[in-house]
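>
Residue numbers (the numbering used here), protein chains in the order written: chain A, -10 to 87; chain B, 59 to 602.
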């Protein structure tokens, strides 16, 4: 599956396209199929995203999981600072990345 | 240390307001990212994995207490409570919001800090020996020359659209703590037999994809002609640089392709012309700048004795404290490499603690090192115990300067959009493996340097042991290198062989170190043994 991601223009936060809007959580991301580039162009033009990119992912019982480690680190946060990730209370969050 | 005059301040203040308008226009949609990117890079603003990243220049690694307190304020107010000191004596913040950057830069400008020349195709922040002005082994403080170069090159039209980034480093000591030969231009202040000051000029060094050690292109450039000479170097590079190929744009490639002899010939020819134009700053301007770097008012008659009755303090003194040029004073190194921590990271609270210590004990001055540690450059030996106690309470009293756990590591894939592999976890695992201080002390000086990609921000080419993270079909893989140095005996490390996974490279590092222990002669460092016996025994131990 293909996910559309990027950074919030104003804050720089990592965001994922949900089909209607952007979310901070990769679990909310949807497969954009063949429409990714068109959505990216429209959203970039609307100044809602900076640096949009289409990435490969797989669907898991817990939601989409990016195939490349770089995108998984983007989705969660730095592996060396669990307290700064999106799941600071989840001791297993790091294993989702590695 | 140097203080801005009204021209300096006006330049920085104007830049803040200019960038405020550029940010406004970007957010308003009046500029595309392609249009905005070169403008934000000129102010040190990157877009990285988790957010924008702002890099702040710390000229020649010198900070005042007020400046460090401001860096703490930025960390606490605009970021997530910490900053990361880099391998070029800068600091960067990894969780920055674009809309807040103009306010951050305005705050920084009040203490004469900015993000200019920390990115883009510019002359980058000029780095220097962290002991400058304090050590007894230099002929003079090189920082006034660094400041002079900073002033004449900042916004100089000839250097505003360079083919690629360009890095200077300066020292005035025979022992090289600034890695000058790993820079585009490395400068060592020397004094000739006539008592005149000048520079040994090295050119064409750099790490990255294609490492080169800078070559000596002039053994003595009169100090008053320094700007003419470096201008000639930059002009030759600007003339020939491969602007069509990003991998060949750095000056090291030109020096390599032309050959040192031909490159030097062209520089000398250009210099002969430029020297007639009178473009060197007048001596009075250098004297004005140098006055800011006059030695602080050291007390006389102080004792050189240090009370060593506390064994933990003694361990710290013996490793972290270096000789000072003034009797009764010392240079105190502050480790930012706690075992299991993140090298170079510092919390806002720790910054404030060190700022207080610098203000109280070190003439309001501190230094940042390219090895990602801090230095209190001018402390009375009689104050060392109180300083150590305060550092200990702040979690800053680690004992590991230049030891196996004093590891340089770039932010790597945990933060950096260019990285292929994580650097910090590897550094943490190695540090934990060698946490025992007796073991570290037994191994002696051993510099491990880790980069998460070929750009080499972690200086892996210069590591006694270097580690390079690569992406092998989407999986992190680590190449091991041996035999590099960033000191006066500069060499480029060589790859041992096939790479390893994260745990495997930690094991390989330990095998290399145990090989050294088995083969070393009395007094030999790891690097000395490697140079004497060569790669083979190490390869055999690692792969055999």
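Glycine included, each C-beta is placed from N, C-alpha and C at the ideal position.
(1) When the Cα of residue 122 (chain B) is compared with those of B:82, B:436, B:458, which residue comes out closest?
(2) Any beta-carbon of chain A closer than 8 angstroms to the one on residue 480 (chain B)?
(3) So, is the C-beta of residue 8 (chain A) closer than 8 angstroms to a C-beta in chain B?
(4) Per DSSP, which one or two residues make a beta bridge with residue 110 (chain B)?
(5) Using a beta-carbon distance cut-off of less than 9 angstroms, what residues from the region 32 to 46 of chain A approach chain B?
(6) In chain order, what are the residue ranges of uninterrupted beta strand (DSSP E) at least 3 long that sit wholly in the region 217 to 262 of chain B?
(7) Excluding five sequence neighbours on each side, which residues of the same chain lie with their C-beta closer than 7 angstroms to the C-beta of residue 341 (chain B)?
(8) Residue 82 (chain B) CB to nearest chain A CB: under 8 angstroms?
(9) Residues of the region 41 to 75 of chain A in Cβ contact with chain B at a cutoff of 8 angstroms, in chain order, please.
(10) Just the chain B side, please: which residues come within less than 9 angstroms of residue 3 (chain A) by C-beta, in chain order?
(11) Curious, which full-length alpha helix (DSSP H) runs of at least 4 residues does the region -4 to 23 of chain A contain?
(12) For residue 471 (chain B), go through chain A and note every residue whose CB falls closer than 8 angstroms to its CB, in chain order.
(13) With a Cβ-Cβ cutoff of 8 angstroms, do residue 566 (chain B) and residue 538 (chain B) count as a contact?
(14) Evaluate contact between the region 362 to 377 of chain B and the region 103 to 114 of chain B, counting only Cβ atoms and requiring at least three cross-stretch pairs below 8 angstroms.
(15) I'd like to know if residue 154 (chain B) contacts chain A, where contact means its C-beta is closer than 8 angstroms to some C-beta of that chain.
(16) Which same chain residues end up closer than 7 angstroms to residue 96 (chain B) when comparing Cβ atoms and leaving out the 5 residues on each side of it in sequence?
(17) Please identify the residue among B:419, B:478, B:207 whose C-alpha is closest to the C-alpha of residue 531 (chain B).
(18) For a contact defined as C-beta to C-beta under 8 angstroms, what are the partners of residue -2 (chain A) on chain B?
(19) Give a yes or no on whether the C-beta atoms belonging to residue 188 (chain B) and residue 235 (chain B) are separated by under 8 angstroms.
(20) Within this structure, are the beta carbons of residue -7 (chain A) and residue 55 (chain A) separated by less than 8 angstroms?
(21) Which class does residue 561 (chain B) belong to by DSSP, given the choice of helix, strand or coil?
(22) Does chain A have any CB closer than 8 angstroms to the CB of residue 91 (chain B)?
(23) Would the beta-carbon of residue 391 (chain B) fall within 8 angstroms of that of residue 384 (chain B)?
(24) Within this structure, are the beta carbons of residue 543 (chain B) and residue 508 (chain B) separated by less than 8 angstroms?
(25) When you compare only the Cα positions, how much space is there between residue 34 (chain A) and residue 65 (chain B)?
(26) If you draw a straight line from the alpha carbon of residue 321 (chain B) to that of residue 238 (chain B), how long is it in whole angstroms?
This is what the structure gives:
(1) Taking the second chain and counting its residues from 1, one reaches residue 122 (chain B) at position 64. Cα-wise, what sits closest to residue 122 (chain B) is B:436.
(2) The sequence position of residue 480 (chain B) within the second chain is 422, counting from 1. Chain A contact via Cβ: present.
(3) Here residue 8 (chain A) is taken as the residue at index 19 of the first chain, counted from 1. No, because no Cβ of chain B sits closer than 8 angstroms to the Cβ of residue 8 (chain A).
(4) What you label residue 110 (chain B) is simply residue 52 of the second chain in a count that begins at 1. DSSP output for residue 110 (chain B) lists B:105, B:154 as bridge partner(s).
(5) 33, 34, 35, 36, 39, 40
(6) Fully enclosed beta strand (DSSP E) runs of 3 or longer: 226 to 229, 243 to 249, 255 to 261.
(7) Locating residue 341 (chain B) in the second chain gives position 283, counting from the first residue. Cβ within range, chain order: 282.
(8) Position 24 of the second chain, counted from the first residue, corresponds to residue 82 (chain B). No, no contact with chain A.
(9) 56, 57, 58, 59, 62, 63, 66, 67, 68, 69, 70, 73
(10) If you number the first chain from 1, residue 3 (chain A) lands on position 14. By Cβ distance, chain B contributes 107, 108, 109.
(11) You should have found no qualifying run.
(12) Within the second chain, residue 471 (chain B) is the residue found at index 413, counting from 1. Chain A residues near residue 471 (chain B): 58, 59, 62.
(13) Translated into positions along the second chain, residue 566 (chain B) becomes position 508. Translated into positions along the second chain, residue 538 (chain B) becomes position 480. Annotated as proximal: residue 566 (chain B) and residue 538 (chain B), with beta-carbon spacing under 8 angstroms.
(14) no
(15) As a working mapping, residue 154 (chain B) is identified with position 96 in the second chain. Chain A, which has a Cβ nearer than 8 angstroms to the Cβ of residue 154 (chain B), makes this yes.
(16) Taking the first residue of the second chain as position 1, residue 96 (chain B) is located at position 38. These residues qualify, in order along the chain: 178.
(17) Translated into positions along the second chain, residue 531 (chain B) becomes position 473. When each option's Cα is compared against that of residue 531 (chain B), the closest is B:478.
(18) As a working mapping, residue -2 (chain A) is identified with position 9 in the first chain. Listed along chain B are 84, 85, 156, each with a C-beta nearer than 8 angstroms to that of residue -2 (chain A).
(19) Along the second chain, read from residue 1 onward, the residue named residue 188 (chain B) stands at position 130. Along the second chain, read from residue 1 onward, the residue named residue 235 (chain B) stands at position 177. Yes, Cβ-Cβ distance for residue 188 (chain B) and residue 235 (chain B) is below 8 angstroms.
(20) For the purposes of this step, residue -7 (chain A) is taken as the residue at position 4 of the first chain. For the purposes of this step, residue 55 (chain A) is taken as the residue at position 66 of the first chain. No, Cβ-Cβ distance for residue -7 (chain A) and residue 55 (chain A) is not below 8 angstroms.
(21) Sequence index remark: in the second chain, residue 561 (chain B) carries index 503 (1-based). Looking at residue 561 (chain B) - three-state DSSP - the assignment turns out to be helix.
(22) Taking the first residue of the second chain as position 1, residue 91 (chain B) is located at position 33. With 8 angstroms as the cut-off, residue 91 (chain B) counts as an interface residue toward chain A.
(23) Counted from its first residue, the second chain places residue 391 (chain B) at position 333. Counted from its first residue, the second chain places residue 384 (chain B) at position 326. Cβ atoms of residue 391 (chain B) and residue 384 (chain B): not closer than 8 angstroms.
(24) Here residue 543 (chain B) refers to the residue found at position 485 of the second chain. Here residue 508 (chain B) refers to the residue found at position 450 of the second chain. No. Outside cutoff.
(25) Walking along the first chain from the start, residue 34 (chain A) turns up at place 45. Walking along the second chain from the start, residue 65 (chain B) turns up at place 7. About 40 angstroms.
(26) In the second chain, the residue the question calls residue 321 (chain B) occupies position 263. In the second chain, the residue the question calls residue 238 (chain B) occupies position 180. Those two C-alpha atoms are separated by around 19 angstroms.
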